[in-house]
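Asker:
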Amino acid sequence: MPRSVLALERDLFFAVKIRDTLRHLALETIVVRDVVGFSQALAGSGSAQESPALAIVNIALPGVAWDEAIRLARQHGLPVLAFGPHVDLEARTKALEAGAQRVVSNAKLSSSLIGLVQELLASPSKDTTQRAAEAEET
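Sequential numbering from 321 applies to the sequence shown in the working numbering.
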């Protein structure tokens with residue numbers, strides 16, 4: 321059974337991009353649209369199926385408690401890759417405080433998703449938290 325990644329994302333473009341890109345790493349992507357679905361996907365990852373290896377969370381979802389999704393993922397021992405607009409420093413800080421290991425811009429996610437996922441999967445227990453905003457191309 322392939323390893324999986326749990327993604328909290330409503331935007332069809334990013335959901336398809338994540339799914340198609342991670343397929344190159346032999347990773348199945350489970351895309352959910354809200355925290356209830358995220359929680360259910362984590363709860364359903366019992367003995368019948370393999371637990372996700374990583375969570376990817378969009379931190380620009382209006383009306384979604386994405387910080388709660390990050391906390392849930394961390395409680396399940398998953399590394400978290402969060403992404404959102406490069407100008408939203410408040411959301412970046414909130415994501416890091418919730419437990420995300422990496423917070424990147426939408427552009428960085430699009431251009432470097434494979435490398436970011438490989439980095440987090442290579443050392444899931446290592447604290448790779450990025451406390452400062454990265455210089456990113458827009």
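C-beta atoms are modelled at their ideal positions from N, C-alpha and C, and glycine is treated no differently.
So, are the CB atoms of S371 and L392 less than 8 Å apart?
Answerer: In this structure, L392 does not lie closer than 8 Å to S371 by Cβ.
Asker: Does DSSP put V459 in a helix, a strand or coil?
Answerer: As displayed, the chain neither begins before 321 nor continues past 458, which places residue 459 out of reach and without an answer.
Asker: Which whole-angstrom value describes the C-beta separation of V400 and Q421, a residue pair presumed to lie in contact below a C-beta threshold of 8 Å?
Answerer: Contact holds; Cβ gap of about 6 Å.
Asker: Sorted by chain position, which residues of the same chain lie with C-beta nearer than 6 Å to A361's C-beta, five sequence neighbours on each side aside?
Answerer: Cβ within range, chain order: L326, I350 and V352.
Asker: Which two residues bound the contiguous beta strand (DSSP E) that contains A375?
Answerer: L374 to N378 is the span of the beta strand (DSSP E), which, as asked, contains A375.
Asker: Straight-line CA distance for E388 to A346?
Answerer: Whole-angstrom Cα-Cα distance: 28 Å.
Asker: Please return the same chain residues whose Cβ sits closer than 7 Å to the Cβ of L342, not counting the five positions on each side in sequence.
Answerer: So the qualifying residues of the chain are V325, T349 and V437.
Asker: Would you mind sorting V336 into buried or exposed? The rule is 16 or more other CB atoms within 10 Å of its CB.
Answerer: V336 comes out exposed.
Asker: Considering only C-alpha positions, which residue in the set G383, A415, L398 and D408 is nearest to A363?
Answerer: Considering only alpha carbons, the answer is L398.
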